[in-house]
Amino acid sequence: MATLVEPVAGSWVQVRDIITRETSSHKVRYIRRLDQIEHIPEAEREVLRRVAQKYAFRANDYYLGLIN
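Converting from the sequence shown to the working numbering requires adding 1 to each position, the first position being numbered 1.
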């Protein structure tokens with residue numbers, strides 16, 4: 002997993018290339034439902050359900066892997 006704290010050698014193109022290389026070795030999996038994500042407390046999950054009823058929820062596994 003790449004950490005995008007600062008560009009590699011000052012070039013955003015190189016940072017993008019690193020991400021492409023690291024993510025191209027596996028198929029990206031898209032998450033579309035809250036129940037596909039583990040480790041969310043039930044109280045927080047209920048709040049997120051109400052938000053997801055109004056706004057579509059979509060994220061891929063790479064993006065979710067960047068979040069602590």
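Beta carbons are placed, not taken as given, at the ideal position from N, Cα and C, and that holds for glycine.
Here the structure is a predicted model, which means the values were calculated and not measured.
Test item: CB-CB of residue i and residue j under 8 angstroms
| i | j | result |
| --- | --- | --- |
| L35 | R59 | no |
Cut-off 8 angstroms between Cβ atoms - residues of its own chain near residue i, not counting five sequence neighbours on either side
| i | result |
| --- | --- |
| L65 | I32, I38 |
Best match in the options for proximity to residue i [C-alpha to C-alpha]
| i | options | result |
| --- | --- | --- |
| Y56 | K28, I41, V48 | V48 |
Cut-off 6 angstroms between Cβ atoms - residues of its own chain near residue i, not counting five sequence neighbours on either side
| i | result |
| --- | --- |
| L67 | none |
| D62 | R30 |
Own chain residues within Cβ distance below 7 angstroms of residue i, not counting five before or after
| i | result |
| --- | --- |
| E45 | none |
| Q54 | none |
Can you check the stretch 31-66 for any alpha helix (DSSP H) of at least 4 residues that lies completely inside it and give the ranges in chain order? 43-55
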